[in-house]
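Data first, discussion second: the structure below is written as structure tokens.
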Amino acid sequence: MSEQHKGTHWLVGLAAFIIIIAGLKAASQIVVPLMLSVFIAIVCAPAMSSLRRRGLPTWLSILLVVFVILIGISSLALLVGASLDEFSNQLPNYKKRFAEEMSNVIAMINNLGLNISYDQVKGYIDPSALMQMVANALRGLGSALTNFILVVMIVIFILFEAVELPKKLSLAVTDASNSIEWFESFINSVNRYLVIKTLVSILTGVLITIWLWVLGVDFPILWGVCAFLLNFVPNIGSIIAAVPAMLLAFVQLGSLSAGLTGAGFLVVNLIVGNMIEPRYMGKGLGLSTLVVFLSLLLWGWVFGPIGMLLSIPLTIIMKLAFEANPKMHWLAIMIDSATDDSKR
């Protein structure tokens, strides 16, 4: 292929990528519930398969799995919704308390010989704006769940289709055995990643909730949910989750409790993220920090809060697909966090 043809090939690929992204953004009201449904269906598929292996009919297995989903998400939505309303009502009080606490901290700093005024600090730090941003992001997630009935219906149809998919592939594809083997390998990798990541994120959220409840920080469930959701974002997710909780602990209980809150986040993420998760996940699913950041920006811009939360699972799925295709394997290497020769 000549250099001119190569350049044209890359230009056409870039143009196609831009058109696809623009189309996804324009159709986000349809695509977001679909993405959420696929995510939930993949996480629930092992439970459905386990029930079917125990002799339960397909329809009953799906019904039981969907019932558990309904109970779990509905309970969580009620708890988070109530906490969000109360949190929004308390924001003016927290702003006043922040001014008082910052005045005390600045007075201590000035006693050391520095000359800083609260008005100078106030121009750079506005905790109420940050906490309001967190509340708005969670409300964005809640608005996506308003299509809950649509999401549940799509999940049911996906789970029914998953049962018949191998048969359809064997009829539709000429070289059925290789295609089914590749597809099953890819689906198993995606399924393993999402299930383990979800369980690890639940553990993180529960531990953070318990720690904040012990410290006496307001709305521990709300911050536990934030820790659960942001655990899907490697490298920077735990930092983003810790900042609003530490600010609230500082405003409500003082600097010592803020430090203990940060220490709790650090210990939980060190244990869960560096010891438990790698043991079950393996080290082959890492993404470079730049790719993580760009994924957050891109999918967050296209799909909003749901896009940010699902950006890393989406990118991991793309990486697994690249690894399974020899022609695209170089892309999997480029977005990987590791540079081992074994990946070549």
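The sequence shown begins at 960 in our numbering and counts up one residue at a time.
Using N, Cα and C, we set each Cβ at its ideal position, and we do this for glycine too.
Computed from a predicted structure; not experimentally measured.
- Leu1015 sits in coil when the DSSP states are folded into three classes, being neither helix nor strand.
- With contacts defined as CB atoms closer than 8 Å, Val1114 and Ile989 fail to qualify as a contacting pair.
- For the pair Val1261 and Ile980, the CB atoms are nearer than the 8 Å cut-off.
- Contact between Val1231 and Val1173 does not hold, since the beta-carbon distance rounds to 18 Å and is not under 8 Å.
- CA-to-CA, the gap between Leu1188 and Leu1181 works out to about 11 Å.
- Sixteen is the threshold: when 16 or more other Cβ atoms of the shown chains lie within 10 Å of the Cβ of Ser996, as they do, the residue is buried.
- With a beta-carbon spacing of about 5 Å, Ala1208 and Val1176 fall inside the 8 Å limit used to define contacts.
- With the rule of 3 Cβ pairs closer than 8 Å, the stretch 1147–1161 counts as touching the stretch 1262–1279.
- Between the C-alpha atoms of Ala1291 and Phe1191 there is a straight-line separation of about 19 Å.
- In the structure shown, Asp1044 adopts helical secondary structure according to DSSP, grouped into three states.
- Cβ contact annotation for Trp1170 (same chain, cutoff 6 Å, sequence separation greater than five): Gly1223, in chain order.
- Judged by DSSP secondary structure, Phe1178 falls outside any alpha helix (DSSP H); it is assigned neither H nor E.
- Residue burial annotation: Gly1266 is buried, with at least 16 other C-beta atoms found within 10 angstroms of its C-beta.
- Straight-line measurement puts the Cα of Asp1044 at about 20 Å from the Cα of Ala1201.
- Within the DSSP bridge table, the entry for Leu1246 names Asp1295 as partners.
- Non-local C-beta neighbours of Leu1035 in its own chain, meaning closer than 8 Å and more than five positions away in sequence, comprise Val1184, ordered along the chain.
- By the CB criterion at 8 Å, Met1293 and Leu1118 fall outside the cutoff.
- Measuring C-alpha to C-alpha distances from Phe1107 to each of Met994, Glu1236, Thr967, Ile977 identifies Met994 as the nearest.
- Tyr1053 and Ser1042 have their C-alpha atoms roughly 15 Å apart.
- With contacts defined as CB atoms closer than 8 Å, Leu1249 and Ile1271 fail to qualify as a contacting pair.
- The distance from the Cβ of Gly1213 to that of Glu1060 is about 7 Å, consistent with a contact at the 8 Å cut-off.
- An exposed status is given to Phe1026, since fewer than 16 other beta-carbon atoms sit within 10 Å of its beta-carbon.
- Gly1263 sits in coil when the DSSP states are folded into three classes, being neither helix nor strand.
- Taking C-alpha positions only, Ser1216 is separated from Ala1204 by approximately 10 Å.
- The alpha-carbon separation between Val1064 and Pro1051 amounts to approximately 20 Å.
- By a beta-carbon distance limit of 8 Å, Val1039 does not contact Thr1157. Their separation comes to about 17 Å.
- Counting C-beta atoms within 10 angstroms of its own C-beta, Ile1021 has 16 or more neighbours from the protein chains shown and is therefore classed as buried.
- The distance from the Cβ of Val1111 to that of Leu1029 is about 7 Å, consistent with a contact at the 8 Å cut-off.
- Sequence-distant partners of Ser1254 (beyond 5 residues in either direction) whose C-beta falls short of 7 Å from its own C-beta, in its chain, are Ser1270, Ile1271, Thr1274.
- For the set Val1210, Leu1225, Glu1120, the Cα lying nearest the Cα of Ile1167 is the one of Leu1225.
- No Cβ-Cβ contact shorter than 8 Å links Val1227 with Arg1056.
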